[in-house]
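Novice: Sharing a structure here in structure tokens format.
There are 2 protein chains.
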Amino acid sequence: MKSIAALSIVLTLSAGALLAEPASTPAGNVMPAPAQARWTGGRLAFDPSFTAVVQGADDGRVRGALDRMRRLWELRTGLTLARSEAAYAAPAAGVKPTLVIECQALAPVVPKVGEDETYTLDVTADQAVLRAPTTTGALRGLATLTQMLQADATGWMLPTAEIKDAPRFAWRGLLMDPCRHWLPVEVIKRNIDGMALAKLNVLHFHLTEDQGFRIESKAFPKLHELGSDGLYYTQEQIRDIVAYAAARGIRVMPEFDVPGHATTWVVAYPEFASAPGPYQINRRPGVHDPVLDPTNEELYPMLQKFFAEMATLFPDEYIHIGGDENNGKHWKANAKIQEFIRANNLKDNPGLHAYFNRKLQVIVSGLGKKMMGWNEILHPNLPAGTVVHYWMGATGLVDATRMGFGAVLSRGFYLDHQLPAATMYANDPVPANTKLTPEQQARVLGGEACMWAEWVTEETVDSRIWPRAAVVAERLWSPREVNDVPDMYRRLALMNARLDEQGLRHEMNRDMMLRRFGDGVSMADARRVREAADLFEAGTLGVRFKQNPTVTQATPLTGFADCTRADSAAGRRFAADVEAVLFGDAATTRAALTEALGGWRQLGQDLAAGRIAPASPRVRELATLGEQLDAVAAIGLEAVAALDKGAAAGWSEAQLAALVKLGDPRLGVTLPIVKPVRLLVAAAGQAAARPTLPAADWRRQVEKAATPPAPKK
Amino acid sequence: MKSIAALSIVLTLSAGALLAEPASTPAGNVMPAPAQARWTGGRLAFDPSFTAVVQGADDGRVRGALDRMRRLWELRTGLTLARSEAAYAAPAAGVKPTLVIECQALAPVVPKVGEDETYTLDVTADQAVLRAPTTTGALRGLATLTQMLQADATGWMLPTAEIKDAPRFAWRGLLMDPCRHWLPVEVIKRNIDGMALAKLNVLHFHLTEDQGFRIESKAFPKLHELGSDGLYYTQEQIRDIVAYAAARGIRVMPEFDVPGHATTWVVAYPEFASAPGPYQINRRPGVHDPVLDPTNEELYPMLQKFFAEMATLFPDEYIHIGGDENNGKHWKANAKIQEFIRANNLKDNPGLHAYFNRKLQVIVSGLGKKMMGWNEILHPNLPAGTVVHYWMGATGLVDATRMGFGAVLSRGFYLDHQLPAATMYANDPVPANTKLTPEQQARVLGGEACMWAEWVTEETVDSRIWPRAAVVAERLWSPREVNDVPDMYRRLALMNARLDEQGLRHEMNRDMMLRRFGDGVSMADARRVREAADLFEAGTLGVRFKQNPTVTQATPLTGFADCTRADSAAGRRFAADVEAVLFGDAATTRAALTEALGGWRQLGQDLAAGRIAPASPRVRELATLGEQLDAVAAIGLEAVAALDKGAAAGWSEAQLAALVKLGDPRLGVTLPIVKPVRLLVAAAGQAAARPTLPAADWRRQVEKAATPPAPKK
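Structure representation (structure tokens):
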């Protein structure tokens, strides 16, 4: 890992800041924020005469990235850039290139954990110069530069700047799961493009699961033939994906999940299961019982051969062996296995799991690979050198690093949990108040955003990954001190546009899905439905399961919830306005609140009364959301009206009680304005106290009154 | 070819008809319109209990299509349908299946020209029954049924109907051209899905060109290695595409264009060229000089080996050998070739071309294939049995069929020419007033919509094919008498929604492209720009070339013109309103005209003054369109105001003169309201005459005055 020179940047943006001039925010318009950036206020003009040269080391990766950036810029500006037939080798005589890239050395052919990713980027009024010790650093610099092209009143330009950049953590990953729902190659590739733009550097490819075995094995073809419904990556496709990622400086680490999550292993080979077969592909999410039998000595030659085959496909130095959510039921129920545990002094199921991992580690290290697994594998007998992937429990990172293992953080980075971007942004692997010793801190390699696919399809997966994965990327790349939430959201919106522009389908597919809310005949006028989808927030996993407890792999995920997002910008804006009106400066008027609430009341009533797309059964189903929205907005309007003169006795308490029920998720989505409306109601109830109390006391009192009672068990 | 039983349907819809109840239009909501359909006014309820059985013959193609239809219906309705683990083999005891499919026989494994595609579909209030002589007929029936699922006030349902359907022509094609711009496999596949929905049955795959050699040849790898920039289909991908199409009852006919359009052949093998090399891939559209040398006897063994290799990849009975646009310059300039012509009594270049075709025909027929070529190959010496593909000149169909050749029509079906749907709809291969004899008519196999790719990329190609290709499909499938233009446009809008829903990207990518009209920082609020893009129409090929005469393969095709369409619904609506106000019944008010014109004036002024997305250089470029729109709409408003009292002397003439200039295309797009505004202006000029003349005379007089002068040469 690179350590970063002390930061000289100061974060000053306040809530509600509008799109700022490039020079006014340390990060400019770039995400992840560079380690150091000075925006010098000038402009480097950009027009079709743009030229670039690549000097020093390059094996084509830098020229390739430069080609892609030029193409993106052409798409963005509509301008046709001059082509250099000499492939950036040298400028034409008398021409000063617009961009000079200088690399001192080639990066390793196979991207490596901890390889040098640093670069400097100096943009002056007549030239941009990108310098990097290695070609990978140049790729990271180009990801920054790509985001800098913008327009001012004169035309297209790059803002002048002095940037010195390096990652905080070496391991910045995205897990993709084509098992629960199939993700075709092009989905993987376009997400790799998004990763490159966000400077994420490892695709964690979760390839085997209870719900699907997604990779071709020539050694054991029954695995993909019987375990995939025909939906798997051929070995040629895997090589293609690995090469595509490597060209972008991105590792591809495969995961073959054993001994649990192993239904499809034993669909093909029931003889390796811990309970009698036959088995079928499991169509349901969740933790399932099938598990490999570590006491079967014939299992290990099979795993040896399989992992050896996979090692030829994935040149990465790590293999992830899963190891999570082994519920042990089939081990418990199998007398032979329990006897083996006793006979070998393994103590219990975790002891048997550790025995299995030691055998596996011999296989993996024999292939020249390092082993990684989910944090259930943490055990006194876990072989040294294993990297622990912390996803559950409260102390995974502490425990793993204390025991001397390298560790990667995913807890709090689960994209499928639909956490708001701000929550994930605050999930620092090594926060300022960390309890880790410096030695332990050095063992924290980084983190991974996880895109588990129980609730996504190829149609929606982009919308769950992006733009939020860019926030995880910033948390892992940028200095700890870069943590201004409003500026993060401002730049996240820009990143969203960049991702849309380069082919991620988070916006495009959502529009199409909203158009499906028609009557099956004409294309729906999706405007009003979209208004609702922009406001309601996608429920967490628990909310979704509660909405549809019988979900299977075949359930169509094209509902209203699938069109909503974790982060509602409208909800965020309203919460900020409430905060300002109740506790902020006097300049903020209440007009914004009444206008927003009035609009939502109307929307709610229109939905409830079936006035929107009345011919559509799908919109009619949203009536319950309309009723909820109408009721909550009505309470909010009454509260705003009562902020000064106060509410009638008991009104506030009654409304807060009503809002508890009204806050319950419906149709798998939640209404983000409930919480700020509770504040408004509480403030109306406490209006008389406001003049008599210090501001901080009043605020405390309002917030306390607004806090909903703890839910009953 | 199937002949169709006499039609009992009567077309009654008038202009401006709104979305009709299923029973009120013969075609219902289906495109192409079935040969015979009686909508019986009832409903078959649709809910998650939907079940289907497949009886009789099936090799998996029908079950596959049924799976896809069920999935589309799930996506459309958001409902999870019950799954039959028995794969549609038999209904559960006591359950009456919602849908019964009965096929009498398997269709040929490789789809064939003229194979049976007929089916009947009977939907009653308690069951739908689809019967077909072959599995291919069942696929066509499912394409119809897919479009019928819709909602009424009760919920989802299928309208009851008695449908008896058969194609008018056996050959209903779509040409795709991955040469001028590369089209990845997924683009081809999703367009095959669109073809299946529109009952198109042959993908004409144009694989070699001056701009790219797009198929892997293991016999002659230099062809794709040197001729494709690495952008070609592997043989595995070709097999995948062919199988994907065959599963949908769609042929894949490859085209290897020789002897002209052959630059990439001679990039690899300059020794087969008619002029000295070396050659480079040509980046420019147009007709280029490089041509194979038919006098080189070593050419034929090479072609023999190449075509033999390709014949193993493409099981279709036809191979298209191109043969178009051979300008003969290199033949003329080559003394040896001219001497060969003289020595062999070949008379001239066309004679040499015919000599070449005869040699080629021996190769092609030796492989068990039939030969097809563009109509330049028509020559007294053309081998019998060749199919002539009519694309240019005025008499291709007449000439070919008179000489005894089978013929396929593409003239008038060129999607890249940006012809309005109505124009292509009227392009009947065998119109009622045809001059073809019955024998000649029998030789007309059908037609093909051509999607030449000079002006499209993978991002925009769907938007040029769809939805208009569905109109060509209807022309080729439905009876000649199905030609109600307003009902065609009504159903085309429905088809557009179906195509969007199932993954075609004509709508999605356009939205994204319009969002790119920002400042390079934030995502543009594309609403106002879209308003303009919905009104202006994409220019014809000539207009585009005039706009950008230096276009190459690298030109970004992400401009405003690329976001417009051939058919502006807003323009069409305005023209219909003008027609009604000037020549129609008195009930039509003028308010619609002034409202539309007033809105466009405002839009034009906002664009011209830079009030829309002022930070965006791309929107600023549209100022010239804003000026045009403002000026034309202003004239239109004045004309509407003067319709009764008449215009001042000379006003009408002056405005018509101004409108000639104002009608010139700008930025590669045209303004469709110019023509109807000319009518308004002429009518204002003739207002005094209106009360004095019979309606028909007045109309003639107005139309004559509105006709612009013929352009000067």
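Protein sequences, first through last, are from chains Z and A.
Sequential numbering of the first sequence, starting at 11, is according to the numbering used here.
Sequential numbering of the second sequence, starting at 11, is according to the numbering used here.
Glycine included, every Cβ here is placed at the ideal spot set by N, Cα and C.
Bear in mind the structure is a predicted one, so any value in this text is a computation, not a measurement.
1. Mapping the DSSP letters down to three states, classify W708(Z) as helix, strand or coil.
2. Using C-beta distances below 7 Å, list every residue in its chain close to M205(A), excluding the 5 sequence neighbours before and after it, in chain order.
3. Assign D77(Z) to one of three DSSP states: helix, strand, or coil.
4. Please report how far the alpha carbon of P304(Z) lies from the alpha carbon of L131(Z), in whole angstroms.
5. With DSSP collapsed to three states, give me the class of I475(Z).
6. On the CB-based measure, 16 or more other CB atoms within 10 Å of its CB, does R554(Z) come out buried or exposed?
7. Contact check, P300(A) vs A278(A) under 8 Å by CB: the rounded distance?
8. Mapping the DSSP letters down to three states, classify P719(Z) as helix, strand or coil.
9. Show which residues of chain A have a CB atom less than 7 Å away from the CB atom of G240(Z).
10. Leaving out five residues on either side along the sequence, give the residues of the same chain with a beta carbon under 6 Å from the beta carbon of A30(Z).
11. Three-state secondary structure (DSSP) at M41(Z)?
12. Run through DSSP, which three-state label would K209(Z) get?
13. Take A705(A) and list the residues in its own chain whose beta-carbon comes closer than 8 Å to its own, dropping the five residues that flank it on each side.
14. Relative to the C-alpha of R526(A), which residue among N437(A), K380(A), A623(A) is closest?
15. Can you name, in chain order, every residue of its own chain whose Cβ lies under 7 Å from the Cβ of L231(Z), other than the five neighbours on each side?
16. Residues bridged to R575(Z) by DSSP?
17. From what residue to what residue does the beta strand (DSSP E) around G569(A) run?
18. Grab me the residues of W341(Z)'s own chain with a C-beta within less than 7 Å of its C-beta, minus the 5 sequence neighbours each way, in chain order.
19. Show which residues of chain Z have a CB atom less than 9 Å away from the CB atom of N519(A).
20. Just to confirm, is the Cβ distance from G787(A) to E172(A) under 8 Å?
21. Should S473(A) be labelled buried (16 or more other beta-carbon atoms within 10 Å of its own) or exposed?
22. Short of 8 Å Cβ to Cβ, which residues in the segment 39 to 64 of chain A face chain Z?
23. Which ranges does the alpha helix (DSSP H) cover as unbroken runs of at least 4 residues, wholly within the segment 357 to 430 of chain A, from first to last along the chain?
24. Using three-state DSSP, classify G147(Z) as helix, strand or coil.
25. Roughly how many angstroms lie between the CA atoms of A163(Z) and R48(Z), to the nearest whole one?
26. Go ahead and pull the three-state DSSP assignment for E750(A).
27. Taking only three categories from DSSP, how would you classify A452(Z)?
28. Distance, Cα to Cα, A410(Z) vs V492(Z)?
29. Which residues in chain A have a C-beta closer than 7 Å to the C-beta of E511(Z)? List them in chain order.
30. How would you list, in chain order, the residues of chain C whose beta-carbon sits under 7 Å from the beta-carbon of D529(A)?
31. Pick from R182(Z), H234(Z), V195(Z), A117(Z): whose alpha carbon is nearest that of F423(Z)?
32. Compute the Euclidean distance between the alpha carbons of A543(A) and M523(A), then round it to the nearest angstrom.
33. May I have the straight-line CA-CA distance separating L677(Z) from K556(Z), to the nearest angstrom?
34. T170(A) CB to nearest chain Z CB: under 8 Å?
35. Among the residues of its own chain, which have a CB less than 7 Å from the CB of N292(Z), if the five just before and after it don't count?
36. Ignoring anything shorter than 4 residues, give me the alpha helix (DSSP H) runs that lie fully in the segment 658 to 700 of chain A, in order along the chain.
Specialist: Here's the rundown:
1. By 1-based counting over the first sequence, the position of residue 708(Z) is 698. W708(Z) falls in the helix class under three-state DSSP.
2. Reading the second sequence from its first residue, position 195 is the one you call residue 205(A). Result list for M205(A): L184, L213, I260, in chain order.
3. What you label residue 77(Z) is simply residue 67 of the first sequence in a count that begins at 1. Here D77(Z) carries a helix assignment [DSSP, helix/strand/coil].
4. Sequence index remark: in the first sequence, residue 304(Z) carries index 294 (1-based). Sequence index remark: in the first sequence, residue 131(Z) carries index 121 (1-based). C-alpha separation (whole angstroms): 53 Å.
5. Translated into positions along the first sequence, residue 475(Z) becomes position 465. Collapsing the DSSP output to three states places I475(Z) in a helix.
6. Here residue 554(Z) refers to the residue found at position 544 of the first sequence. So R554(Z) counts as buried.
7. Walking along the second sequence from the start, residue 300(A) turns up at place 290. Walking along the second sequence from the start, residue 278(A) turns up at place 268. Contact flag wrong, Cβ pair sits at about 12 Å.
8. Residue mapping note: residue 719(Z) aligns to position 709 of the first sequence, counting from 1. It is coil, neither helix nor strand.
9. On the first sequence, residue 240(Z) is found 230 positions in, with the first residue counted as 1. Result: empty, since nearest Cβ-Cβ is about 11 Å, beyond 7 Å.
10. Within the first sequence, the letter at position 20 stands for residue 30(Z). Caution applies to A30(Z), whose pLDDT of 35 falls short of 50 and renders its modelled position unreliable; the value that the coordinates give is listed next. Here the set comprises nothing.
11. Within the first sequence, the letter at position 31 stands for residue 41(Z). DSSP places M41(Z) outside both helix and strand once states are collapsed to three, so it counts as coil.
12. Here residue 209(Z) corresponds to residue number 199 of the first sequence, with the count starting at 1. Looking at K209(Z) - three-state DSSP - the assignment turns out to be coil, as it is neither helix nor strand.
13. Residue numbering aside, residue 705(A) sits at position 695 when the second sequence is read from its first letter. F593, listed in sequence order.
14. Numbered from its first residue, the second sequence carries residue 526(A) at position 516. Closest in alpha carbon position to R526(A), among N437(A), K380(A), A623(A), is A623(A).
15. In the first sequence, residue 231(Z) corresponds to position 221, counting from 1. It is worth fixing the name first, because residue 231(Z) is Pro in this sequence and not Leu. Nothing meets the Cβ criterion.
16. Walking along the first sequence from the start, residue 575(Z) turns up at place 565. For R575(Z), which the question treats as bridged, DSSP gives the partners E547(Z).
17. Within the second sequence, the letter at position 559 stands for residue 569(A). Bounds of any beta strand (DSSP E) do not take in G569(A), whose DSSP letter is neither H nor E.
18. Residue numbering aside, residue 341(Z) sits at position 331 when the first sequence is read from its first letter. S284, V301, I347, N359, L362, listed in sequence order.
19. For the purposes of this step, residue 519(A) is taken as the residue at position 509 of the second sequence. The contacting residues are M518.
20. Residue coverage of chain A in this structure runs from 11 to 723, which leaves residue 787(A) outside it and unanswerable.
21. Locating residue 473(A) in the second sequence gives position 463, counting from the first residue. With a 10 Å radius around the Cβ and a threshold of 16 neighbouring Cβ atoms, S473(A) comes out buried.
22. N39
23. 359 to 376, 406 to 412
24. By 1-based counting over the first sequence, the position of residue 147(Z) is 137. Residue state, collapsed to three classes: helix.
25. Position 153 of the first sequence, counting from 1, holds the residue named residue 163(Z). Position 38 of the first sequence, counting from 1, holds the residue named residue 48(Z). Using only the alpha carbons, I get a separation of about 22 Å.
26. The structure shown does not extend to residue 750(A), since chain A is modelled only from 11 through 723, so no value can be given for it.
27. Counting from 1 along the first sequence, the entry for residue 452(Z) is found at position 442. Here A452(Z) sits in helix by DSSP.
28. Against the first sequence, residue 410(Z) aligns to sequence position 400. Against the first sequence, residue 492(Z) aligns to sequence position 482. C-alpha separation (whole angstroms): 27 Å.
29. The residue given as residue 511(Z) occupies position 501 in the first sequence. Those within 7 Å of E511(Z) in chain A are R526.
30. You won't find chain C in this structure, because its protein chains are Z and A.
31. On the first sequence, residue 423(Z) is found 413 positions in, with the first residue counted as 1. When each option's Cα is compared against that of F423(Z), the closest is R182(Z).
32. Along the second sequence, read from residue 1 onward, the residue named residue 543(A) stands at position 533. Along the second sequence, read from residue 1 onward, the residue named residue 523(A) stands at position 513. The alpha-carbon atoms of A543(A) and M523(A) are separated by roughly 11 Å.
33. Here the question's residue 677(Z) lines up with position 667 in the first sequence. Here the question's residue 556(Z) lines up with position 546 in the first sequence. Their Cα atoms are separated by approximately 9 Å.
34. Indexing the second sequence from 1 puts residue 170(A) at position 160. Not one beta carbon of chain Z lies nearer than 8 Å to the beta carbon of T170(A).
35. Your numbering for residue 292(Z) matches position 282 in the first sequence. In chain order, D220, Q221, T273, H298 place their CB closer than 7 Å to the CB of N292(Z), counting only its own chain and leaving out the 5 sequence neighbours on each side.
36. You should have 661 to 672, 684 to 695.
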